[in-house]
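Residue numbers (full-length UniProt numbering), protein chains in the order written: chain A, 1 to 322; chain B, 1 to 322; chain C, 1 to 322; chain D, 1 to 322.
Just so you know, even glycine gets a beta-carbon here, dropped at the ideal spot from N, CA and C.
Heads up: the structure comes next, in structure tokens.
4 protein chains.
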Amino acid sequence: MHAGIIARQADARVTWCYDLDLGRAAAAAEAVGARASSDIDAILGAEDVDAVLIASPTNTHVDLILRSAEAGRPILCEKPIDVDLSRVEECREALRGRDVPIQLGFNRRFDPSHGAVRKAVADGEIGALELLVITSRDPGPPPPRPILEACGGLFRDTSIHDFDMARFVLGEEIVEVYAMAANRVDPVFAELDDVDTAMIVMRSESGALVHINNSRRTTYGYDQRVEAFGATGMVRSNNHRPSEVSRHGAAATAARDPLLHFFIERYADAYEAEIRDFIDMLGSGRAPSVTFEDGRRALMLSEAALRSHRENRPVTLSYEGA
Amino acid sequence: MHAGIIARQADARVTWCYDLDLGRAAAAAEAVGARASSDIDAILGAEDVDAVLIASPTNTHVDLILRSAEAGRPILCEKPIDVDLSRVEECREALRGRDVPIQLGFNRRFDPSHGAVRKAVADGEIGALELLVITSRDPGPPPPRPILEACGGLFRDTSIHDFDMARFVLGEEIVEVYAMAANRVDPVFAELDDVDTAMIVMRSESGALVHINNSRRTTYGYDQRVEAFGATGMVRSNNHRPSEVSRHGAAATAARDPLLHFFIERYADAYEAEIRDFIDMLGSGRAPSVTFEDGRRALMLSEAALRSHRENRPVTLSYEGA
Amino acid sequence: MHAGIIARQADARVTWCYDLDLGRAAAAAEAVGARASSDIDAILGAEDVDAVLIASPTNTHVDLILRSAEAGRPILCEKPIDVDLSRVEECREALRGRDVPIQLGFNRRFDPSHGAVRKAVADGEIGALELLVITSRDPGPPPPRPILEACGGLFRDTSIHDFDMARFVLGEEIVEVYAMAANRVDPVFAELDDVDTAMIVMRSESGALVHINNSRRTTYGYDQRVEAFGATGMVRSNNHRPSEVSRHGAAATAARDPLLHFFIERYADAYEAEIRDFIDMLGSGRAPSVTFEDGRRALMLSEAALRSHRENRPVTLSYEGA
Amino acid sequence: MHAGIIARQADARVTWCYDLDLGRAAAAAEAVGARASSDIDAILGAEDVDAVLIASPTNTHVDLILRSAEAGRPILCEKPIDVDLSRVEECREALRGRDVPIQLGFNRRFDPSHGAVRKAVADGEIGALELLVITSRDPGPPPPRPILEACGGLFRDTSIHDFDMARFVLGEEIVEVYAMAANRVDPVFAELDDVDTAMIVMRSESGALVHINNSRRTTYGYDQRVEAFGATGMVRSNNHRPSEVSRHGAAATAARDPLLHFFIERYADAYEAEIRDFIDMLGSGRAPSVTFEDGRRALMLSEAALRSHRENRPVTLSYEGA
């Protein structure tokens, strides 16, 4: 998907596709008129490489970030940096002093509806933010088991997007997290010592309260809502559908389509805007819109939620560096 | 229904119920603690009669209006005055010089949603009115045949409410009418030389255009909408439902209840407000909110629509007295 | 309000109004054609008293319940039973063995929109309930300080309705509560050692998760929503407005009215249905729809939330009798 | 816009851009990597030309259609074929016997919301169609005067899309048209003997009734709605907005964004789908989805509406060839 988006931009193109499996690299490359290689160093040293987009399996991110940074190539890396916070801290250390722009792939920040909520809050349109409610439920069914095993669990894989959304809308840090979770959807999650359903409450530095609710399965599509309530009003980002059709009959009226199915459909425009934003940043001198530190802090919130759930107590956070 | 509403008011009560059939009068009277009679003159002469509400069969309206007016009793009469315009003109002549308040029962004027549209137009909230679209569809099935035979047909029985609504929102007269009609719902209408489905376009004095569409049958409840479009905006009165519940599943999302079934349910509050308004008018010195002349002009529009449909040509109107 | 509702019922009337202040009792009585007294025992012994509706200050509820029960009069008592759980337990003990029906005034259970959510859950329409989200925000400004001082604080005064709503929709008990709260609205709440903003998460016996968010102030009316998410779908009870009008202009489209202002407006029909239900129960032999025990358990949840907030830890509950 | 869309397709590319003004042709060509020419015959004879997309001024359409057809090149031509029906008839004659696919650019047929309405009707989802209401209002302000002078007036320039939409949803022909029109928006329209506001009613072969309302100016964006009402239900295509955000405050609740501005924004996806459909048709052997005859009949409805408006009478149509 990412390669296709780049290929559609007038001022960018995909020059190389990397995969450990050269055949897969070649297939991806062919679709966008690029070259393929399974030798990352060759690619990073190539003259026609201005920047790197990392959308490989999560456990390869840190290595690819470090190599790309060493090569001085600006990076757009899919979230999360890693499911292991200690590896993220090591990566952060290793990057210290390097001046390579790294943008984290929190695509939802580029959704026009969510973005309008953040803008309304930042502009003071609803006064001081007091309550923030994020609903975020995947359509399921659960991914293949190997993906579930590697994903780091609900809090690191799914809720991490919501933690980032909370930080994005709040414009400040979260200092306390309490998570209550359950196994309601599929036995596979319990087998993996994971959960599939969760409710989280959090407190921000300034005292705003935040709620996130997650499920691994809906019947009606990808449920993605953000509601910001403040001293002078409320602004909401509601769900998206494939059309604006409504149906009226003896059983129901004003019935709408099921929601857009999942992230590929729901955030198609956001992915494109994210990549556009990265391209626009290159050579502009400005900092990335979403930083490595944003990726780290969202993961710290995932860790805090997981600990809260496991120890059944609220967990406080501070963000001083290691 | 009307008697029950009066019985609920703190400052009014039903003292007499009249029906040619004394048994029915007595039943109605008992429910609200009133007396019953089949002698209208006795009732009109009774000391405990301050005003008269006429909700009898349409062909009795003119006679009851005239008798009540002779007795000096203020009148609230259900629409229409009569299905025969010449009888309405005779009644108008006979009332000339009498100073008895007569309020016509165009209940929809008292609906808060429609009333807000009229107010927005009158207040200039949407600038000069340019297009007015009225959707008005009964849930059906068709009433018993004797009622259909006496009702005067679609334009005099149903569309008349929409003609009045148009005049109410416009705040000015309609000068031209074109009606296109069809038989789509039930053969009984064709047998009665009536229609069951219609689209009407009209022009107002100042040049605003008006559309009404009618059907004798929906599957989803009573469809009652008013849309006023002007130079600076649009205001709409949308449908009402028994609850604010929405349902979301694999087949549909945001599905709402069927609409309120028919006029008894949809306009329950409007009927009460209409009677409240009549009671408040009594002894206040102010004129009725809806006048005999409003009833006459709405019927003139019904006649014009019927002639337009029969002669398949636009029909112009002027409202000079007989 | 309650007296007016009773007065409108065909099969019930207010015969006595009680108030410690006889003048106030007389004023209330006059409006509904009842007699007044400041002697509760005289009233409870009167022949024309079939049942008692208690809507007095909260700290008088227990005494009035006990006296009415001794007199064998069925009781409809406004929530809460008392703000002090130990008094509720004493009252419960004192009532043991008495066979007098006591209905608690959780009016929201009688709202058609919330009721439809509960029915959908009970009917299995959305499969096993997994997430329940209750939004409940008062329009504010804060009530007069004496009322705030006596109300028992946010959790006992406001959230208690939401705890009852949760139990109503769940159809089972809540076993764990965590509350995070804040002072965001008005300094008066902090002065009273109270909070004005809260987020609560809870777990039910069967493992469903529940979230409640509360605020003492909105700018847009009384925000009252219930969202039930289950294995096969979602059903929501959304907000109510005074009309169905929408406005469309250069700044916004589909703009609706502010919400109904507060509980008097929003739950007008629910109050009437609640009293209707109580009247229908009298002499029917069936148990009250909302019981003393419902009132006790909702208050236990208020206490648990308050303790959770104060001790900043999740609190578990069991409902064995004292 | 069209060239950019073609450039984004994997299986098509723009090889030549034609404009009488070679500079403009060159600019367009450069943006998509094509060659430019002001010699249409050279282009039509070029080996790398498989098909022709005509988006030139309306008065050049017929000539370009005929030349392209002579050259055997399949054609996608923007609506209308011409504003002069006699030229369309001549073109039709000249094309007789030629087997070149010609697709007319009624882009709205490719909108997913409108398409779902047509599909619902065609599938019998709402039973026999009885009423069809099309709302179609441009945001204005009026285009530059030279464009207005050449566009053929409201009925040929704007309503023509709605006539095509009516035929598309009906799946049958329209046999009678009555148009009532007015000048409400801008004096320029009256100066050009044109109108800017219109209401049209029409009857289909099978007896369904159709209403269209048009305005040249709204304040709230491009208002594009289609409502199909049938024997068993209703389906609607509602307006589109740039986001799903809603705003809630003291003045209004659930307030949405203004609608997408105009056809470029509203029908961006439809234009892409239209061109996709044309490309897919090429070489497939199937007929175009929208035909030359569709273009002719929509224009015949425009002519009928104009005559109805000018002669103030309903106009009947038959579609036998010249």
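Of all residues in the region 226–245 of chain A, only 229, 231, 232, 233 and 234 place a beta-carbon less than 8 Å from a beta-carbon of chain C. Taken through DSSP and simplified to helix, strand or coil, residue 18 of chain A comes out as strand.
Within chain A, the residues whose beta carbon sits less than 7 Å from that of residue 220 of chain B are 248, 249, 250 and 253, listed in sequence order. Taking a C-beta distance under 7 Å as the contact criterion, residue 301 of chain C and residue 74 of chain C do not qualify as a contact pair. Residue ranges of uninterrupted alpha helix (DSSP H) with 4 or more members, entirely inside the region 88–167 of chain C and ordered along the chain, are 112–122, 145–150 and 154–157. For residue 246 of chain B, the enclosing beta strand (DSSP E) stretches over residues 245–248.
A direct Cα-to-Cα measurement between residue 82 of chain A and residue 180 of chain C gives close to 30 Å. Listed in chain order, the beta strand (DSSP E) elements of length 3 or more contained wholly in the region 27–69 of chain C are 35–37 and 52–54. Listed by position along chain A, the residues whose Cβ is nearer than 8 Å to that of residue 34 of chain D form an empty set, because the closest Cβ is around 14 Å away. In the assembly as shown, residue 20 of chain D is an exposed residue. Its beta-carbon has fewer than 16 other beta-carbons within 10 Å.
Excluding the 5 residues flanking it on each side, residue 230 of chain B has same chain C-beta neighbours closer than 6 Å at 126, 127, 128, 129 and 130, in chain order.
For residue 178 of chain A, the uninterrupted beta strand (DSSP E) run begins and ends at 174–182, by DSSP. Classified as buried, residue 314 of chain A has 16 or more neighbouring CB atoms from the shown chains inside 10 Å of its CB. Nearest in C-alpha terms to residue 39 of chain B, of all of B:31, B:68 and B:312, is B:68.
Assignment of residue 307 of chain A by DSSP, reduced to helix, strand and coil, places it in the helix class. Distance from the CA atom of residue 317 of chain C to the CA atom of residue 174 of chain C, rounded to whole angstroms, is 7 Å. With its beta carbon less than 7 Å from one in chain C, residue 312 of chain A belongs to the interface. Contact check for residue 248 of chain D against residue 221 of chain D fails: the beta carbons are separated by 7 Å or more.
The beta carbon of residue 121 of chain B sits closer than 6 Å to those of 129, 169 and 228, all from its chain and outside the five residues before and after it, given in chain order.
Following the DSSP letters along the chain, one finds residue 191 of chain B inside the alpha helix (DSSP H) bounded by residues 187–191. Residue 296 of chain A has a beta carbon lying at 7 Å or more from every beta carbon in chain B. For residue 274 of chain D, the number of other beta carbons within 10 angstroms of its own is at least 16, and it is reported as buried. Under the Cβ distance rule, residue 122 of chain B does not count among the residues neighbouring chain C, no pair being separated by less than 7 Å.
In its chain, beyond the 5 residues on either side, 17, 25, 26 and 29 have a beta carbon closer than 6 Å to the beta carbon of residue 36 of chain D. Distance from residue 59 of chain C to residue 270 of chain C at the Cβ level is roughly 25 Å; contact not present, criterion being Cβ atoms closer than 8 Å. Residue pairing from DSSP places residue 224 of chain D in a beta bridge opposite D:136.
Of all residues in the UniProt domain "GFO/IDH/MocA-like oxidoreductase" (116–235) of chain C, those with a C-beta nearer than 7 Å to a C-beta of chain B are 116, 117, 232, 233, 234 and 235, reading in chain order. In this structure, DSSP gives residue 251 of chain B a state outside helix and strand, which the three-state scheme calls coil. Counting C-beta atoms within 10 angstroms of its own C-beta, residue 55 of chain B has fewer than 16 neighbours from the protein chains shown and is therefore classed as exposed. Taking a contact as a CB-CB distance under 8 Å, the pair residue 32 of chain B and residue 71 of chain B does not count as one, their CB atoms being some 21 Å apart.
When the beta-carbon positions are compared, residue 113 of chain A and residue 243 of chain D come within less than 7 Å of each other. Within its own chain, the residues whose Cβ lies closer than 8 Å to the Cβ of residue 143 of chain B, once the five positions on either side in sequence are excluded, are 151, listed in chain order.
Of the residues A:13, A:189, A:111 and A:124, the one whose Cα lies closest to the Cα of residue 263 of chain A is A:111. Between the beta-carbon of residue 209 of chain C and that of residue 182 of chain A there is about 6 Å, and that keeps the pair under the 8 Å contact cut. Residue 266 of chain C has a beta carbon lying at 7 Å or more from every beta carbon in chain D. The Cβ atoms of residue 246 of chain D and residue 256 of chain D lie closer than 7 Å to each other.
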